[in-house]
Amino acid sequence: MAKQTSMSDETPLAQDKPLAEMGVPHRLYEDAMALVLGTLFVSLGIAFYAKASLLTGSTVGIALLLSYATPVDFSALFLLVNLPFFALALLRLGWAFTVKTLAAVCLVSVFSKLMPLWLEIGHLNPVYAAIAGGGLFGIGLLILFRHGMSLGGVSILAFYLQEKHGIRAGYFQLAVDLLVMLAALAVLSLELVALSVAGVTVLCTIVGLNHRPGRYAGVS
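Reading the sequence shown from the start, the letters are residues 1084 to 1303 in my numbering.
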């Protein structure tokens, strides 16, 4: 009797190595689309935060906080705050990650500057702004993470710790962001800081649940 062969018998490579570990490289146009879409989502989330005088964490939150306390524009502050972190990105994560992250930071700055020309927001409930803004930000950051990019700053450190040591990027980011919120009490009301914490929780939950080692096989 002839031996029956199954699909697994005919594809030993797939049997020996799970697909999640093999990785499917992203094409250049896919990385480019992710760069634009991810930064657009993030910029829209920032627009929600700025309209409601809310805050987020990491370097975006620091730049927002400084923009509330000074007359300097957010887009310029975001670039300046990120500069020290690119040394870590270059030394630890390589040229490809650094260049793509620098492109993402620059696009967020540009889109944030142009957003008032594209979108005019009238009334915006602060609770909705916190939840929707955090969701948009989290989705955008997730897109960037999955294509080997981040938004600089603490995100660079979070990405490095996850890729090298398996520490969840979202949960590490949450711990750092809470420290930023404590500093925000010097500028914003307790109510606005509490809503900002809710928004950060939404953001980090999205990233923490969806960006885990081995869960996504795409490679850039």
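For each residue, glycine too, the CB sits at the ideal point set by N, CA and C. Computed from a predicted structure; not experimentally measured.
Pull up the distance between the alpha-carbon of Y1211 and that of L1120, whole angstroms please. The residue given as residue 1211 occupies position 128 in the sequence shown. The residue given as residue 1120 occupies position 37 in the sequence shown. Cα to Cα, Y1211 sits roughly 22 Å from L1120.
What does the Cβ neighbour count give for I1204, buried or exposed, with the cut at 16 atoms within 10 Å? The count along the sequence shown starts at 1 and reaches residue 1204 at position 121. I1204 should be labelled exposed.
Once DSSP output is grouped into helix, strand and coil, what is the label at P1154? The residue you call residue 1154 lines up with position 71 of the sequence shown. Of the three classes helix, strand and coil, the one that applies to P1154 here is coil, per DSSP.
Using beta carbons (cut-off 8 Å, strictly below), is L1173 in contact with chain B? Judged by its chain identifiers, the structure shown contains no chain B, having just a single protein chain.
Please report the straight-line C-alpha distance between L1261 and V1191, rounded to a whole angstrom. By 1-based counting over the sequence shown, the position of residue 1261 is 178. By 1-based counting over the sequence shown, the position of residue 1191 is 108. Taking the straight line joining both Cα atoms gives about 22 Å.
What residue ranges within the segment 1146–1206 form continuous alpha helix (DSSP H) runs of no fewer than 4 residues, ordered along the chain? With a minimum length of 4 residues, the continuous alpha helix (DSSP H) runs that stay inside the segment 1146–1206 are 1157–1165 and 1177–1201.
Here's a check: name, in chain order, each residue in its chain whose Cβ is nearer than 7 Å to the Cβ of R1175, leaving out the five neighbours to either side. As a working mapping, residue 1175 is identified with position 92 in the sequence shown. Counting only Cβ-Cβ distances below 7 Å, and skipping sequence neighbours, we find Y1243.
Is the segment 1251–1266 in contact with the segment 1150–1161, if contact means three or more CB pairs nearer than 8 Å? Contact annotation: the segment 1251–1266 does not touch the segment 1150–1161, with fewer than three C-beta pairs closer than 8 Å.
Applying the criterion that 16 or more other CB atoms from any shown protein chain within 10 Å of the CB defines a buried residue, is T1122 buried or exposed? Taking the sequence shown and counting its residues from 1, the one referred to as residue 1122 is at position 39. So T1122 counts as buried.
Using the Cα positions of V1182 and N1165, report the straight-line distance between them to the nearest angstrom. As a first step, residue 1182 is located in the sequence shown; it is residue number 99 there, counting from the start. As a first step, residue 1165 is located in the sequence shown; it is residue number 82 there, counting from the start. Spanning the two alpha carbons is a distance of roughly 13 Å.
Leaving aside the five residues before and after L1171 along the sequence, list all residues of the same chain whose C-beta is less than 8 Å from its C-beta, in chain order. In the sequence shown, residue 1171 corresponds to position 88, counting from 1. I1239, L1240 and Y1243, listed in sequence order.
Flag this pair as touching only if the segment 1265–1283 and the segment 1132–1152 have three or more C-beta atom pairs under 8 Å; answer yes or no. Yes: the two stretches touch, three or more of their Cβ pairs being nearer than 8 Å.
Nearest to A1252 by alpha carbon, out of L1227, A1117 and A1187? Looking up residue 1252 in the sequence shown gives position 169. Of the candidates L1227, A1117 and A1187, the one whose C-alpha sits nearest the C-alpha of A1252 is L1227.
Cα-Cα, which of G1140, P1199 and D1114 is closest to D1156? The residue you call residue 1156 lines up with position 73 of the sequence shown. Of G1140, P1199 and D1114, the residue nearest in Cα terms is P1199.
At which residue ranges does the segment 1259–1287 contain complete beta strand (DSSP E) runs of 3 or more residues, listed in the order of the chain? Within the segment 1259–1287, no run of beta strand (DSSP E) at least 3 residues long lies entirely inside it.
How far does the alpha helix (DSSP H) with I1222 in it reach, from first residue to last? Reading the sequence shown from its first residue, position 139 is the one you call residue 1222. I1222 -> alpha helix (DSSP H) spans P1209 to R1229.
What's the C-alpha gap between G1216 and K1196? For the purposes of this step, residue 1216 is taken as residue 133 along the sequence shown, with counting starting at 1. For the purposes of this step, residue 1196 is taken as residue 113 along the sequence shown, with counting starting at 1. Cα atoms of G1216 and K1196: separation of roughly 17 Å, rounded to the nearest angstrom.
Kindly indicate which residue of S1126, G1291, F1124 and A1152 has the alpha-carbon position closest to the one of I1250. Along the sequence shown, read from residue 1 onward, the residue named residue 1250 stands at position 167. Of S1126, G1291, F1124 and A1152, the residue nearest in Cα terms is G1291.
Given a cut-off of 8 Å, decide if G1218 and I1129 are closer than it, judged by their beta-carbon atoms. One-based indexing of the sequence shown puts residue 1129 at position 46. One-based indexing of the sequence shown puts residue 1218 at position 135. Result no, Cβ atoms of I1129 and G1218 do not sit closer than 8 Å.
I need the straight-line Cα distance from Y1151 to S1136, nearest angstrom please. Within the sequence shown, the letter at position 68 stands for residue 1151. Within the sequence shown, the letter at position 53 stands for residue 1136. Distance between the alpha carbons of Y1151 and S1136: 8 Å.
Look up H1294 in the DSSP assignment and say whether it is helix, strand or coil. By one-based count along the sequence shown, residue 1294 stands at place 211. H1294: coil per DSSP, three-state reduction.
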